[in-house]
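Protein chains in written order, with our numbering: chain B, 8 to 258; chain Z, 2 to 467.
The structure is reproduced here in structure tokens:
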């Protein structure tokens, strides 16, 4: 019996240590912009201008953007390209068959992308924040682009004009007694319209928007939750005393 | 026909109405039998709240389920979108959905603790065998309910989880492929599967579940509740004919349960409002990707409450089948040599062992994995007849029993943990040892439960007023 217990305990430790990595570099921590309306609006603008050409957000209605401080008129004037009505969902005009030809696959719907990409390495926002900032020039690829967080990605660097062209710099390091190639940093080949700092900020806004869009009710959820818990706390005091007053008769 | 009871014409209207009812429907009788004069032991502890909580969660699931069905579309092309529609466009739809998804996990937490309570205090022992059997039936229904309900959001994990589990049925010799086809209604999990799972999830299984819950409670109220001391309170009755250690369920346990409910709801709502995904355990991240029959996820894991059984399934490799054969042969050898019985029985045992060994060698290990996974649940049904200990409650069993039960719990949790993880060589070994321990615990119980010195069980329950 002792042996079984010991082996179970020992094995548990080993298994915990050997957590599988899913490929790609470690994820950077995304900034939390969920309560920053200006940032969410800027993210929405980037999203509609750059992402929505190929990716849909087919479960997200344009008029839901009112939740992040926009008016129907603002949405109509600045963000509606593919449709006339603010009550429509964010569909995409691209033909799926052509998409398959161009990118080797249909670009995924982005409505809940931020929720689906969470993992043991971080939140979905962390992943997206890393992914959007680690495109690099790779002539070996059909699109001419590759990505550190998503190796052999099918999507070209749509935001390259903003970020400019970059290439990763590798150095060698001895890890566990083996000489290994490790990522050291970036080399800017051509400058973009934005400085690296501005670009990071824009991506933070975009990721914040994607995170918000994946669950527009999340802010309200937390607000309601606080009140519900406060109510239950008070109720528990009453039910506790009620219980005690009945049970004091039980000898 | 029962006599009509007359009541004074001057009685208040309420009493008249009640009398009118009672002459036509056993309202007062039912109330008294199940609440007002149902005498429950006064020494219930923390573990005794989970039965009531399970009932509460059942009600939550049914009510939220009714509202979800109003907006959900059981159609492979629309299902995923309709769930997102509920999450976004239906007023408070997100709350109803999170209550239902968190409720599913809460149900299993509560039921596992309820079963653990029964296990350690011997609540399955005579005369409560039927309560235990109905309870095991409820657990089976619950697993079916959870499994089929999990397909409905039509995400990647829904789809591939169902695919993996339904494919297991294909491992049954001879009829397997046809059986899997019958369950799916198609050659792969598809629209037909979604429709039939929806039907089972919202109609068939809940009906059976409710029937079993009613039977579970009726049987309980017929024989009376067990308690942490395992003392039969009906053995010591007072002058009024009520057990001295019993107190009426209402009001004592109703106020007690309301208190428990308010604490439970704090945890439950905290998860709903602040962590509905619960780190990917209650809502798996991959399930936010719509089902794609052409893209198999790298790592398919069932939801946490199935993982102990999933671990046992994965533990049965062709190597492990040899170990199982050794167990069968060993058990046959011991029973033939050590136990006195007529030669004919010995022949039967040897023959059966030989037949099982031959089957194990000829049928694929995957099938035996399915047998082990199913057996891990089915074996619970036999518990009342496996336990030979002289006393019911863990309190009066030999001290080392406590350690054994503790290891059983740890083992179960380790198996659950391993079921979440991607397969690894070490994990496989551990889950194999864990599987052997799980079955050894039950199959050897007739012997180990008799061993050791039991403590004296008191005449009356131990209770300190609070």
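Here a beta-carbon is modelled for each residue, glycine too, at the ideal position from N, C-alpha and C.
Mark residue i as exposed unless 16 or more other C-beta atoms lie within 10 angstroms of its C-beta, in which case mark it buried.
{"i": "residue 112/Z", "result": "buried"}
{"i": "residue 404/Z", "result": "exposed"}
{"i": "residue 183/B", "result": "exposed"}
{"i": "residue 142/B", "result": "buried"}
{"i": "residue 26/B", "result": "Because the pLDDT at residue 26/B is just 35, under 50, the model does not fix this residue reliably, and the value given afterwards should be weighed accordingly. By the 10 Å Cβ count, residue 26/B comes out exposed."}
{"i": "residue 334/Z", "result": "exposed"}
{"i": "residue 42/Z", "result": "buried"}
{"i": "residue 28/B", "result": "Its pLDDT being 38, under 50, residue 28/B is placed unreliably in this model, and the coordinates cannot settle the point."}
{"i": "residue 338/Z", "result": "exposed"}
{"i": "residue 435/Z", "result": "buried"}
{"i": "residue 149/Z", "result": "buried"}
{"i": "residue 468/Z", "result": "Limits of chain Z in this structure are 2 at one end and 467 at the other, which puts residue 468/Z out of reach."}
What residues are listed by DSSP as bridge partners for residue i?
{"i": "residue 179/B", "result": "188/B"}
{"i": "residue 68/B", "result": "96/B"}
{"i": "residue 427/Z", "result": "Residue 427/Z pairs with nothing; no bridge assigned."}
{"i": "residue 290/Z", "result": "DSSP output for residue 290/Z lists no bridge partner at all."}
{"i": "residue 195/B", "result": "173/B"}
{"i": "residue 40/Z", "result": "249/Z"}
{"i": "residue 153/B", "result": "143/B"}
{"i": "residue 126/B", "result": "129/B"}
Have a look at the options and flag the residue whose alpha-carbon is nearest the alpha-carbon of residue i.
{"i": "residue 258/Z", "options": "258/B, 255/B and 250/B", "result": "250/B"}
{"i": "residue 388/Z", "options": "279/Z, 427/Z and 444/Z", "result": "444/Z"}
{"i": "residue 229/B", "options": "28/Z, 276/Z and 380/Z", "result": "276/Z"}
{"i": "residue 139/Z", "options": "84/Z, 116/Z and 127/Z", "result": "116/Z"}
{"i": "residue 200/Z", "options": "152/Z, 212/Z and 215/Z", "result": "152/Z"}
{"i": "residue 144/Z", "options": "178/Z, 383/Z, 109/Z and 126/Z", "result": "109/Z"}
{"i": "residue 169/B", "options": "191/B, 205/B, 161/B and 190/B", "result": "205/B"}
{"i": "residue 416/Z", "options": "399/Z, 437/Z and 396/Z", "result": "437/Z"}
{"i": "residue 355/Z", "options": "332/Z, 374/Z, 54/Z and 392/Z", "result": "332/Z"}
{"i": "residue 469/Z", "options": "396/Z, 66/Z, 18/Z and 414/Z", "result": "Any question about residue 469/Z goes unanswered here, given that chain Z covers just 2 to 467."}
{"i": "residue 133/B", "options": "255/B, 193/B and 39/B", "result": "39/B"}
{"i": "residue 195/Z", "options": "76/Z, 243/Z, 285/Z and 18/Z", "result": "76/Z"}
{"i": "residue 75/B", "options": "60/B, 245/B, 253/B and 218/B", "result": "218/B"}
From residue i to residue j, what distance separates their C-alpha atoms?
{"i": "residue 446/Z", "j": "residue 157/B", "result": "53 Å"}
{"i": "residue 368/Z", "j": "residue 172/Z", "result": "5 Å"}
{"i": "residue 345/Z", "j": "residue 402/Z", "result": "36 Å"}
{"i": "residue 120/B", "j": "residue 281/Z", "result": "14 Å"}
{"i": "residue 105/Z", "j": "residue 252/Z", "result": "29 Å"}
{"i": "residue 287/Z", "j": "residue 161/Z", "result": "10 Å"}
{"i": "residue 427/Z", "j": "residue 307/Z", "result": "20 Å"}
{"i": "residue 88/Z", "j": "residue 108/B", "result": "33 Å"}
{"i": "residue 166/Z", "j": "residue 463/Z", "result": "47 Å"}
{"i": "residue 175/B", "j": "residue 196/B", "result": "10 Å"}
{"i": "residue 260/Z", "j": "residue 243/B", "result": "6 Å"}
{"i": "residue 341/Z", "j": "residue 351/Z", "result": "14 Å"}
{"i": "residue 457/Z", "j": "residue 129/Z", "result": "22 Å"}
{"i": "residue 239/B", "j": "residue 209/Z", "result": "33 Å"}
{"i": "residue 295/Z", "j": "residue 70/Z", "result": "28 Å"}
{"i": "residue 305/Z", "j": "residue 422/Z", "result": "11 Å"}
{"i": "residue 375/Z", "j": "residue 430/Z", "result": "20 Å"}
{"i": "residue 52/Z", "j": "residue 398/Z", "result": "24 Å"}
{"i": "residue 453/Z", "j": "residue 442/Z", "result": "16 Å"}
{"i": "residue 193/B", "j": "residue 173/B", "result": "7 Å"}
Are the C-beta atoms of residue i and some chain Z residue less than 8 Å apart?
{"i": "residue 177/B", "result": "no"}
{"i": "residue 28/B", "result": "With a pLDDT of 38 at residue 28/B, under the threshold of 50, the modelled position of this residue cannot be trusted; read the value that follows with caution. No, because no Cβ of chain Z sits closer than 8 Å to the Cβ of residue 28/B."}
{"i": "residue 258/B", "result": "yes"}
{"i": "residue 126/B", "result": "yes"}
{"i": "residue 243/B", "result": "yes"}
{"i": "residue 246/B", "result": "yes"}
{"i": "residue 236/B", "result": "yes"}
{"i": "residue 104/B", "result": "no"}
{"i": "residue 137/B", "result": "no"}
{"i": "residue 118/B", "result": "yes"}
State yes or no: is the beta carbon of residue i nearer than 8 Å to at least one beta carbon in chain B?
{"i": "residue 58/Z", "result": "no"}
{"i": "residue 263/Z", "result": "yes"}
{"i": "residue 85/Z", "result": "yes"}
{"i": "residue 398/Z", "result": "no"}
{"i": "residue 252/Z", "result": "yes"}
{"i": "residue 368/Z", "result": "no"}
{"i": "residue 315/Z", "result": "no"}
{"i": "residue 20/Z", "result": "no"}
{"i": "residue 467/Z", "result": "yes"}
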